[in-house]
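S.K.: Supplied in structure tokens, the structure appears directly below.
In our numbering, the protein residues as written are 208 to 300.
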């Protein structure tokens, strides 16, 4: 019985690892110069780039184009970005 449970957990772990590896191949991470990345984040923040959608996490800037293709930029390890959405009636238009 223990062998079946261990095998099942092992198979699930392998499936998860394969899935994560496949997702990274479809959306390769791009490393750019810190100044260039800051400028890119600024351009998205002020709305100068309108044909793409961007989101930012603690480790990545994720850009999705009009064809739903994603480009992932790695963020610098020793820096962080703060996203503030001021509002009167709502946070986003």
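Beta carbons are placed, not taken as given, at the ideal position from N, Cα and C, and that holds for glycine.
Taking residue 252 as part of the alpha helix (DSSP H), name the residues at either end of that continuous run.
M.R.: Residue numbering aside, residue 252 sits at position 45 when the chain shown is read from its first letter. 241-252 is the extent of the alpha helix (DSSP H) around residue 252.
S.K.: Taking the C-alpha atoms as reference points, what is the distance between residue 241 and residue 219?
M.R.: Numbered from its first residue, the chain shown carries residue 241 at position 34. Numbered from its first residue, the chain shown carries residue 219 at position 12. For residue 241 and residue 219, the distance between alpha carbons rounds to 38 Å.
S.K.: What residue from 217, 239, 274 and 222 has the CA that sits closest to residue 268's CA?
M.R.: The count along the chain shown starts at 1 and reaches residue 268 at position 61. Nearest C-alpha to residue 268: 239.
S.K.: So, residue 212 versus residue 279, is the Cβ gap smaller than 8 Å?
M.R.: Walking along the chain shown from the start, residue 212 turns up at place 5. Walking along the chain shown from the start, residue 279 turns up at place 72. Result no, Cβ atoms of residue 212 and residue 279 do not sit closer than 8 Å.
S.K.: Leaving out five residues before and five after residue 273 in sequence, what residues of the same chain have Cβ atoms less than 8 Å from its Cβ?
M.R.: Numbered from 1 along the chain shown, position 66 holds the residue referred to as residue 273. 258 and 259.
S.K.: Using the DSSP secondary-structure output, state which residues sit across from residue 271 in a beta bridge.
M.R.: Stepping through the chain shown from its first residue, residue 271 is reached at position 64. For residue 271, which the question treats as bridged, DSSP gives the partners 260 and 277.
S.K.: Buried or exposed, going by whether 16 or more other CB atoms sit within 10 Å of the CB of residue 289?
M.R.: Locating residue 289 in the chain shown gives position 82, where the first residue counts as 1. Looking at its Cβ environment, which holds fewer than 16 other Cβ atoms inside 10 Å, residue 289 is exposed.
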